[in-house]
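A.B. asks:
Numbering (the numbering used here), first residue to last: 250 to 447.
1) Whole angstroms are fine: how far does the CA of residue 388 sit from the CA of residue 509?
2) Apart from the five residues just before and just after residue 445, which ones in its own chain have a Cβ nearer than 7 Å to its Cβ?
3) Which one or two residues does DSSP pair with residue 281 in a beta bridge?
4) Over the uninterrupted beta strand (DSSP E) stretch that includes residue 339, give me the two end residues.
5) Between 330, 401, 358 and 440, which lies nearest to residue 380 when the distance is taken from Cα to Cα?
6) What is the DSSP secondary structure of residue 269, reduced to helix, strand or coil?
7) DSSP puts residue 264 in a beta bridge; with which residues?
8) Nearest CA to the CA of residue 350: which residue from 261, 254, 337 and 371?
9) Out of 405, 328, 331 and 295, point me to the one whose CA is closest to residue 315's CA.
10) Over what stretch of residues does the alpha helix (DSSP H) that includes residue 422 continue unbroken?
11) Cβ of residue 355 within 8 Å of Cβ of residue 334?
12) Enumerate in chain order the residues of its own chain whose CB-to-CB distance from residue 404 is below 6 Å, with the five nearest sequence positions on each side excluded.
13) Using the C-alpha atoms, what's the distance from residue 400 back to residue 340?
14) Just the C-alpha distance for residue 392 and residue 386, rounded to the nearest angstrom, thanks.
Below you can see the structure in the form of structure tokens.
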């Protein structure tokens, strides 16, 4: 399947901390469905966690306990997100292992079955394309590929998902220069597809 013909779901999570295994939870899911760098649909939901959002997380994300007080639970919003997805969507995230660790933990907590999607990591693609570059965080990639970016809106899931989608298409252009045009070839490269649908 040609990389430019795929409908991608580019997503991002904001969380109460860095480790799902230590009891941290998702507080926002943001995502965009894109094809040919055009937004088809979007998803953005704040989540009320069962724990207090730490002050340092509020400083980073701008998401406060007051903002989520009347929002739905992690389980409800995750189910809504899954219903919004199509079975054949290819998912994309930046540093995807982080986001997937929270999704896997939620699937276990709420007995949601098996998360069966192919997930590509723009961090892995960037490291493959420019191995001599030291930094590959989202802000750096926005500057490197000249994507319009408001740093003040960074660390909100919806905005980061949108930005990552623009970076994705810049990376696809670079992959094409290396004669990588199709998904089947891309997922054979280590650390790019962090999960492959079985």
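All residues carry an ideal CB built from backbone N, CA and C; glycine is no exception.
C.D. replies: Here's the rundown:
1) In this structure the chain extends from 250 to 447, so residue 509 is not present and cannot be described.
2) Your numbering for residue 445 matches position 196 in the chain shown. Around residue 445: 367 and 436.
3) Counting from one through the chain shown, the residue named residue 281 turns up at place 32. Bridge partners of residue 281: 259 and 291.
4) Locating residue 339 in the chain shown gives position 90, counting from the first residue. Start and end: 339-342.
5) Walking along the chain shown from the start, residue 380 turns up at place 131. Residue 440 is the option with its Cα nearest to residue 380.
6) Along the chain shown, read from residue 1 onward, the residue named residue 269 stands at position 20. In the structure shown, residue 269 sits in coil (DSSP, three-state: anything other than H, G, I, E or B).
7) Here residue 264 refers to the residue found at position 15 of the chain shown. Note: residue 264 sits in a beta bridge opposite 275.
8) Stepping through the chain shown from its first residue, residue 350 is reached at position 101. Nearest option by C-alpha distance: 261.
9) Position 66 of the chain shown holds residue 315. Considering only alpha carbons, the answer is 295.
10) Taking the first residue of the chain shown as position 1, residue 422 is located at position 173. Its alpha helix (DSSP H) spans residues 406-426.
11) Numbered from its first residue, the chain shown carries residue 355 at position 106. Numbered from its first residue, the chain shown carries residue 334 at position 85. Cβ distance not < 8 Å, so residue 355 and residue 334 don't count as in contact.
12) The count along the chain shown starts at 1 and reaches residue 404 at position 155. These residues qualify, in order along the chain: 309 and 310.
13) Translated into positions along the chain shown, residue 340 becomes position 91. Translated into positions along the chain shown, residue 400 becomes position 151. Each residue's Cα considered, the two are about 24 Å apart.
14) Locating residue 392 in the chain shown gives position 143, counting from the first residue. Locating residue 386 in the chain shown gives position 137, counting from the first residue. Cα-Cα distance, rounded: 10 Å.
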